[in-house]
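**Student:** Using mature numbering (1 follows the signal peptide of the UniProt record, and there is no 0), the letters of the sequence shown map in sequence onto residues -18 to -1, 1 to 352. All residues carry an ideal CB built from backbone N, CA and C; glycine is no exception. Remember, predicted model here, so these are calculated numbers, not experimental data.
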Amino acid sequence: MPSKRFLLSLLMIVGVSAQDLVNPHRTCSENGFCNRFRDWARLPIDKRGIYYVPDGKLPAVRTGVFKVPVKSSRITKVDEPILEAEARKSTFDLGDSTMLQLDHDTVVLALIVDGRVVQTLNEKQMFEVESTRKNYGDICPFGIQQSPDLYLDPACTPEAHPGTWAEEYRGLTDYKPHGPSSVALDITFHGRVPALYGLPEKGTRSLKLKIDGDDDHKLYRFFNLGYAAYSVDSGTSALYGTIPTLTALQVFNESEPPVRTSMLWVNPSDTYIALDRNSEDNSIHSWFLSESGVIDLFLFPQRSSISAMRSYHNVLGYAPLPPYFSLGFHRSHYSYESQQDILDIVKNYTDLHIPVDVFWLDIEHTNGKQ
């Protein structure tokens, strides 16, 4: 499979505002890779697994979805898997009563703590890796366009999947020289889950996440941008920062303290996240979909909040102490247009005997807002 690449495009548009260019409310239906994935994910599971070409010999799968090895640095030493002849599962003992179990038939990976399954990956069969390709060689593989199923590789049904190589949004064209390259995976938090936290930064008054399904305006979106005048209760829309992590409060026995487990999806590209609740057992199902990159996932099986946060920061690093000047008075405003503007404001503060430590400038004073 060709390696994925991140494409960083600097667009200089005259007459189009920054908010139009990076609209935080761009829905899944308006984004080709997300719309394509959601159409596929809503098919019955037996329609989005392995497809067979007419001659019955060559198996093909949805747009480059092959068995993908997951590599990791040796943060945890894992002994040899416990394998049996004709075994359909592999079990990895991670120590501290924690195990990983891979089901070979369904490709479902279960995280087990104290004998209980706390998280599963790919339980809903939404694991996806779209393979990049060359435009001039984008032909339907193995002749699978003869299949009666309309949802296969976008090369086989281009009329049903526009935006593979370029798509237009609000008068702008987003070119994709390597074609479709999205990655996706579903993660289920088991037990009764009274609360789910994470997915900052968002404009919301509540720390608890809304669990509303995968409709357009219920999906959480990550797309780093500076968005002026955002709504305090914009909730799921993209905002300044991206921290794609979830922490679940999980109850397996009402007489025992709840378990807390977390996960981290490491992918900085345009990303949508769906959260849904199982009405039968109150578990939480989620899926993460990114426009490009690779699947790089961390699971945190720690039982308490303190141990989970410690492990999280051991992976990502600890926040430094704030610099001394940051403890003072700050002023930030969008419309500073010249050095004289700042000097005038500084003089006003001085005349009023108000100390100011920091002035934050936005982009109005720069050449062409660059």
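When DSSP labels each residue in this structure, what does K190 get in the three-state scheme?
**Tutor:** strand
**Student:** Can you tell me where the beta strand (DSSP E) holding G14 begins and where it ends?
**Tutor:** Membership of G14 in any beta strand (DSSP E) is not indicated; the residue belongs instead to the alpha helix (DSSP H) covering 14 to 23.
**Student:** Does the ligand GDP have even one heavy atom less than 8 Å from the beta-carbon of L309?
**Tutor:** Among the components of this structure there are no ligands whatsoever, and the ligand GDP is therefore not found.
**Student:** Within 10 angstroms of the Cβ of P240, are there 16 or more other Cβ atoms? Answer buried if so, exposed if not.
**Tutor:** buried
**Student:** Sort L298, P305, S244, D168 by Cα distance to F282 and report the nearest one.
**Tutor:** S244
**Student:** Classify P162: buried if its beta carbon has 16 or more other beta carbons within 10 angstroms, exposed otherwise.
**Tutor:** buried
**Student:** Can you tell me where the alpha helix (DSSP H) with M291 in it begins and where it stops?
**Tutor:** 287 to 298
**Student:** With a CB to CB cut of under 8 Å and the five nearest residues on each side skipped, what residues in its chain are close to S55?
**Tutor:** Low confidence applies here, because S55 scores a pLDDT of 32, under 50, leaving its location unreliable; read the following figure in that light. For S55, where only same-chain residues beyond five positions count, there are no Cβ hits under 8 Å.
**Student:** Suppose you measure from the CA of V233 to the CA of S79; what does that come to, to the nearest Å?
**Tutor:** Between the alpha carbons of V233 and S79 lies a distance of about 18 Å.
**Student:** Jot down the residue ranges of each uninterrupted beta strand (DSSP E) in the segment 187 to 255, minimum 3 residues, whole runs only, in chain order.
**Tutor:** 202 to 204, 227 to 233, 241 to 247
**Student:** CB L271 to CB I169, shorter than 9 Å?
**Tutor:** no
**Student:** Take every Cβ of the segment 217 to 224, pair it with every Cβ of the segment 169 to 179, and state whether three or more of those distances are shorter than 8 Å.
**Tutor:** Contact fails: fewer than three Cβ-Cβ distances are below 8 Å.
**Student:** For the 8 Å Cβ check, are there 3 or more pairs between the segment 6 to 23 and the segment 200 to 214?
**Tutor:** yes
**Student:** Which term fits S308, buried or exposed, when burial requires 16 or more other beta carbons within 10 angstroms of its beta carbon?
**Tutor:** exposed
**Student:** Does the distance from the C-beta atom of W247 to that of L298 stay below 9 Å?
**Tutor:** no
**Student:** Which whole-angstrom value describes the C-beta separation of R242 and L257, a residue pair presumed to lie in contact below a C-beta threshold of 8 Å?
**Tutor:** Between L257 and R242 the Cβ distance is about 17 Å, and since that is not below 8 Å, they are no contact.
**Student:** Using the rule of at least 16 other Cβ atoms within 10 Å of the residue's Cβ for burial, across every protein chain shown, is D215 buried or exposed?
**Tutor:** exposed
**Student:** Which residues mark the beginning and the end of the alpha helix (DSSP H) in which V276 is found?
**Tutor:** Segment: none, V276 is in no alpha helix (DSSP H) and carries neither H nor E.
**Student:** What is the rounded straight-line gap between the Cα of R44 and the Cα of F311?
**Tutor:** Confidence at R44 is low in this model, with a pLDDT of 34, below 50, so the placement of that residue should be treated as unreliable; the coordinate-derived value is given next. Rounded to the nearest angstrom, the two C-alpha atoms are 55 Å apart.
**Student:** If contacts are defined as beta-carbon pairs under 8 Å, then P144 and G350 qualify, I think. What distance do you get, rounded to the angstrom?
**Tutor:** Actually they are not in contact, since the Cβ atoms of P144 and G350 sit about 32 Å apart, beyond 8 Å.
**Student:** Could you name the residues of the same chain whose beta carbon sits closer than 7 Å to that of K192, not counting the 5 residues immediately before and after it, in chain order?
**Tutor:** G217
**Student:** Counting only the same chain and skipping the five closest in sequence on each side, list residues whose C-beta sits under 6 Å from that of G173.
**Tutor:** Q232, V233, F234, listed in sequence order.
**Student:** Anyone know if the C-beta pair for E273 and S317 falls short of 9 Å?
**Tutor:** no
**Student:** Could you work out which residue in T229, F171, N260, Y331 is closest to A290 when comparing CA atoms only?
**Tutor:** T229
**Student:** Decide if residue 353 is buried, meaning its Cβ has at least 16 other Cβ atoms within 10 Å, or exposed.
**Tutor:** Here the chain comprises residues numbered -18 to 352, so residue 353 is not present and cannot be evaluated.
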